[in-house]
């Protein structure tokens, strides 16, 4: 399926063209640093072994190796054991794509300090924003105190490391590792079943290709304009719940006009039915 997608993330400009070629640059003020101008580094990616963000690390590894970086993808080592495992290994940049709270990342941060890394990149979440009447969310908007990733971001900003934080939302696409966002629609359509959608279905959400999320993070590696910044790592275009169903239909070769979209009030569901 041919599509075009542009992601403008606070200075990161990345696009997927219809022919599949991805191209981008990192902008800082009026100066532009080409994404092809890299300093080769030893990059450690601390990656979650499964879950929605797992694909980011695997995609990143390939992207960075294509640029000539030496990449270590670590999904198993306990944070407290990082120092001993990599004691004889030079590490220039750490990308943390695993921790959900400060307790899980504290040892990694200390390890990065001891290694005197040039950059520390952290994959956070766009789910940390407090509810707001103004959309879309921007990086300076208030975050929920209950979200531990917010504390991680705050502590990183005070750590003395040169850091960057990335806030992805819903991740989809052929290299994604969690596909239930779209599989729900595909499953119902493949069986010619009605599609239940909460409310009016005009609620807006953000769905971003996993390859674009990884490319946005990769664009920050070696880019001085990314230093000590937080980035929304999402598509610039919203899509409604109804629109998502129709997009999935088109991907399956189904005429969206033939869909049976059943809108319901989640508050009126029986107590034993999961509204999610």
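Residue numbers (this note's numbering): 5 to 280.
Ideal placement from N, C-alpha and C gives every residue a C-beta, glycine not left out.
Do you know whose CA, among 76, 94, 152 and 92, lies nearest residue 107's CA?
-> 152
Note down, in chain order, each residue of its chain lying with its Cβ closer than 6 Å to the Cβ of residue 154, except the 5 sequence neighbours on either side.
-> 132 and 147
Selected residue, minimal CA-CA separation from residue 228, among 268, 245, 216 and 167 = 167
Between residue 51 and residue 199, what straight-line distance do the alpha-carbon atoms span, to the nearest angstrom?
-> 35 Å
Is the CB-CB distance between residue 109 and residue 217 below 8 Å?
-> no
Please specify which runs of the beta strand (DSSP E), each continuous and at least 3 residues long, are wholly inside the stretch 101 to 143, giving them in chain order.
-> 123 to 127
Mark residue 195 as exposed unless 16 or more other C-beta atoms lie within 10 angstroms of its C-beta, in which case mark it buried.
-> exposed
Are the Cβ atoms of residue 172 and residue 136 separated by less than 8 Å?
-> no
Endpoints, the alpha helix (DSSP H) within which residue 64 is located = 58 to 70
Measure from the C-beta of residue 177 to each C-beta in chain C and report whether the shortest distance is under 8 Å.
-> Looking for chain C here will not work: only one protein chain is present.
Minimum C-alpha distance to residue 57 - residue among 68, 201, 78 and 102 | 102
Ends of the beta strand (DSSP E) at residue 212?
-> 211 to 213
Nearest CA to the CA of residue 142: which residue from 175, 234, 255 and 62?
-> 234
Per-residue DSSP class, three states only, for residue 236 = strand
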